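> This is the structure I have questions about; it appears just below.
Number of protein chains: 2
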Amino acid sequence: MSTHAAPGQHITSEDSAQALCPRFHRAVELIGRRWTGAIVRVLLGGPRRFNELLAAVPGISDRLLTERLRELEHEELIVRRVEPGSPVKVIYELTCAGAELQEALDALGRWAERWLGLQP
Amino acid sequence: MSTHAAPGQHITSEDSAQALCPRFHRAVELIGRRWTGAIVRVLLGGPRRFNELLAAVPGISDRLLTERLRELEHEELIVRRVEPGSPVKVIYELTCAGAELQEALDALGRWAERWLGLQP
DNA sequence: CTTGGCTACCTACTTATGGTAAGTTATAGC
DNA sequence: GCTATAACTTACCATAAGTAGGTAGCCAAG
Chain A
1431 MSTHAAPGQH
1441 ITSEDSAQAL
1451 CPRFHRAVEL
1461 IGRRWTGAIV
1471 RVLLGGPRRF
1481 NELLAAVPGI
1491 SDRLLTERLR
1501 ELEHEELIVR
1511 RVEPGSPVKV
1521 IYELTCAGAE
1531 LQEALDALGR
1541 WAERWLGLQP
Chain B
1431 MSTHAAPGQH
1441 ITSEDSAQAL
1451 CPRFHRAVEL
1461 IGRRWTGAIV
1471 RVLLGGPRRF
1481 NELLAAVPGI
1491 SDRLLTERLR
1501 ELEHEELIVR
1511 RVEPGSPVKV
1521 IYELTCAGAE
1531 LQEALDALGR
1541 WAERWLGLQP
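Chains as they are written, first to last, in my numbering: chain A, 1431 to 1550; chain B, 1431 to 1550.
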């Protein structure tokens, strides 16, 4: 098994590409991106406005929140809804696909409760 | 778990710091780091040697694999065992804590099967 | 006894991603 | 006209990831 293909060469399906389910890989890369899991978890609690998310996800910057929301929208895990008015309200909520991440995120949450101490 | 607010409930800046369980946050930052989820998932299939992991996780470089393995070892999700011999064998396997990620990763895997297409 | 191969790394360098701060547009209140 | 708020942009710098190449220890072939 020549794993590491010569410089510049691409890894082909022969070599190990199927060793790990590619959909799982995509999923972990997607919700694993910094802040994404946290954002989705907040949205599991119901629709939220931009600034509510900013407050609910401690540490994230507005730039990154925008970026992550765009990505999630593109992946169709959330929808963006604009309510016109005095100051416009932009509301984000989970799609069906997004909401179904609950089981996985809850399982991860339970694991974290059990195994992760709190010392940083 | 007290993490979720009821649908529609308002999140204020006071509770924002605690709005998202810090352990969950650590967990998602930990297994969300690039490749980490994939590595753990391979190890759920049993102990693996360095080069076996390299082959089983398509796309990862040896440098990053080393780095991720060190991190996982430090977090006590895996143990590193060296078997002396002609060419030394270095074997990585999950600790109890690591093995218990199975539920969460399986749930994510099921979600990915259901919702993620394959087009890259 | 030198050459080449294997395993499990390490070092240096380049590119991509994340973080910080300031600016923008539009509307509203004073 | 001045200031505020919401939801972003833009510009810039820091950190993380990707790539290339090298190393040490051992073995077996030539």
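Glycine included, every Cβ here is placed at the ideal spot set by N, Cα and C. Nothing here was measured: the structure is a model prediction, and the numbers come from that model.
#1: Can you find at least 3 beta carbon pairs, one from the stretch 1459 to 1466 of chain B and one from the stretch 1448 to 1467 of chain A, that sit closer than 8 Å?
#2: Fully enclosed by the stretch 1516 to 1547 of chain A, which beta strand (DSSP E) runs are 3 residues long or longer?
#3: Hey, does residue 1515 of chain A have any beta-carbon neighbour from chain B nearer than 8 Å?
#4: Output, in chain order, the set of chain A residues within a Cβ distance shorter than 9 Å of residue 1529 of chain B.
#5: Contact between the stretch 1529 to 1546 of chain A and the stretch 1483 to 1498 of chain A is defined here as three or more beta-carbon pairs at a separation below 8 Å; is this criterion met?
#6: Establish whether the CB of residue 1543 of chain B and some CB of chain A are separated by less than 8 Å.
#7: Under 8 Å, do residue 1523 of chain B and residue 1488 of chain B count as touching if we go by C-beta distance?
#8: Should residue 1533 of chain B and residue 1537 of chain A be called a contact, given that it needs their Cβ atoms to be closer than 8 Å?
#9: For the candidate residues A/1454, A/1458 and A/1508, whose alpha-carbon lies nearest to that of residue 1480 of chain A?
#10: Measuring only between beta-carbons, confirm whether residue 1476 of chain B sits less than 8 Å from chain A.
#11: Would you mind telling me which residues of chain A sit closer than 9 Å to residue 1493 of chain B, beta carbon to beta carbon, in chain order?
#12: Less than 7 Å between C-beta atoms, sequence neighbours within five positions excluded: which residues of the same chain meet that for residue 1505 of chain A?
#13: Please identify, using Cβ separations under 9 Å, the residues of the stretch 1494 to 1512 of chain B that lie next to chain A, in order along the chain.
#14: Sort out for me which residues DSSP pairs residue 1508 of chain A with in a bridge.
#15: Going by beta-carbon coordinates alone, are residue 1454 of chain B and residue 1510 of chain A separated by less than 8 Å?
#16: Could you check whether the Cβ of residue 1538 of chain A sits closer than 8 Å to any Cβ belonging to chain B?
#17: Measuring only the C-alpha atoms, how far is residue 1490 of chain B from residue 1514 of chain A?
Per the coordinate set shown:
#1: Yes, they touch.
#2: Runs found: 1519 to 1524.
#3: No, residue 1515 of chain A lies away from the interface with chain B (no Cβ there is under 8 Å from its Cβ).
#4: Those do not exist, as residue 1529 of chain B stays about 11 Å from chain A at its closest Cβ, beyond 9 Å.
#5: Judged by Cβ distances under 8 Å, the stretch 1529 to 1546 of chain A makes no contact with the stretch 1483 to 1498 of chain A, as fewer than three pairs qualify.
#6: Residue 1543 of chain B belongs to the set of residues whose beta carbon lies under 8 Å from a beta carbon in chain A.
#7: Going by C-beta atoms, residue 1523 of chain B is not nearer than 8 Å to residue 1488 of chain B.
#8: At a Cβ-Cβ threshold of 8 Å, residue 1533 of chain B and residue 1537 of chain A count as neighbours.
#9: Taking only the C-alpha atoms, the option nearest residue 1480 of chain A is A/1508.
#10: Not closer than 8 Å to any Cβ of chain A, the Cβ of residue 1476 of chain B fails to qualify, so no.
#11: At a C-beta separation below 9 Å, residue 1493 of chain B has no neighbours in chain A, since its nearest C-beta there lies roughly 11 Å away.
#12: The answer, listed in chain order, is 1460.
#13: Those residues of the stretch 1494 to 1512 of chain B that come within reach of chain A (Cβ to Cβ, closer than 9 Å) are 1505, 1506 and 1507.
#14: Answer is A/1524, bridged to residue 1508 of chain A.
#15: The Cβ atoms of residue 1454 of chain B and residue 1510 of chain A do not sit closer than 8 Å to each other.
#16: So yes, residue 1538 of chain A belongs to the interface.
#17: Taking C-alpha positions only, residue 1490 of chain B is separated from residue 1514 of chain A by approximately 46 Å.
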